[in-house]
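Everything below concerns the one structure shown next.
Numbering (the numbering used here), first residue to last: 1 to 218.
The following block contains the structure:
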């Protein structure tokens, strides 16, 4: 049985943590600033911790799911954070979408203490997190990935190794930028094409020519 510390059990972290509790026999301890969020996990069998220090110490694997890179930095490298309380031989897995540069900064600090780190951003939203159908892309040492994969499998449907530290977040960010670019391009094309005629009642600019047609177009 693996002991898991899970920090950040909100909209995404909560469902992922609960799936670990439900689908494995691992001992899971959670920490969050929101007491109600913690309760959704402890109701299923997880244990609540009162601080980052308490949840981190003694865990085989420490996991975080946090909103922003600055939050990950504060929780890992800040006073009383994970780095100050984690010990050699433990593994740290960040499930947040993070900047590759921040991943490497945290990873280097962890490595200096003998801590292995994986960056494991997820895709699929809260619905996928609840249903355990999210995709999880993982960066870091492949042997560490192989050891952690059974835990990740409890949370997602597709767990893929992407390469070294930061590779997973680089892939996720690249995919999102590509999707954003495609959406922007489609919008520009629609703008250039102009409005579509509203059936046979529209003029060249798509404006209905009588009130009945206008009603139908609404």
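Glycine is no exception: its CB is placed at the ideal position from the N, C-alpha and C atoms. Source: prediction; values computed, not measured.
Let's test the definition: count the other Cβ atoms within 10 Å of the Cβ of residue 126 and tell me whether it reaches 16, buried, or not, exposed.
Locating residue 126 in the chain shown gives position 126, counting from the first residue. Exposed is the call here.
If you pair each beta-carbon of the stretch 126-137 with each one of the stretch 109-116, do three or more pairs fall below 8 Å?
No: fewer than three Cβ pairs fall under 8 Å.
Only counting the same chain, and skipping five residues up and downstream in sequence, which positions put a Cβ closer than 6 Å to that of residue 19?
For the purposes of this step, residue 19 is identified with residue 19 of the chain shown, where counting begins at 1. Taken in chain order, the residues that qualify are 132, 154, 155.
Going by other Cβ atoms of all chains shown within 10 Å of its Cβ, with 16 needed for buried, is residue 25 buried or exposed?
By one-based count along the chain shown, residue 25 stands at place 25. By the neighbour-count rule (16 or more Cβ atoms within 10 Å), residue 25 is not buried but exposed.
Can you give the Cα-Cα distance for residue 147 and residue 35, rounded to whole angstroms?
One-based indexing of the chain shown puts residue 147 at position 147. One-based indexing of the chain shown puts residue 35 at position 35. Their backbone Cα atoms lie some 31 Å apart in a straight line.
Suppose you measure from the CA of residue 130 to the CA of residue 28; what does that come to, to the nearest Å?
By one-based count along the chain shown, residue 130 stands at place 130. By one-based count along the chain shown, residue 28 stands at place 28. Residue 130 and residue 28: Cα-Cα distance of roughly 17 Å.
Pick out whichever of 73, 117, 89 has its Cα sitting closest to the Cα of residue 99.
Position 99 of the chain shown, counted from the start, is the residue given in the question as residue 99. Nearest option by C-alpha distance: 73.
To the nearest angstrom, how far is the alpha carbon of residue 166 from that of residue 97?
Start at 1 with the first residue of the chain shown, and residue 166 comes out as number 166. Start at 1 with the first residue of the chain shown, and residue 97 comes out as number 97. Cα to Cα, the separation comes out at about 10 Å.
Here's the rule I'm using: 16 or more other beta-carbon atoms within 10 Å means buried, otherwise exposed. How should residue 158 be labelled?
Position 158 of the chain shown, counting from 1, holds the residue named residue 158. Residue 158 should be labelled exposed.
Can you list, in chain order, the residues of its chain whose CB lies under 8 Å from that of residue 21, leaving out five sequence neighbours each side?
As a first step, residue 21 must be located in the chain shown, where it is residue number 21. The residues are 28, 41, 44, 45, 46.
Quick one: what's got a C-beta closer than 7 Å to residue 82's C-beta in the same chain, skipping five residues either side?
Here the question's residue 82 lines up with position 82 in the chain shown. Contacts found: 52, 56, 62, 75, 76, 92.
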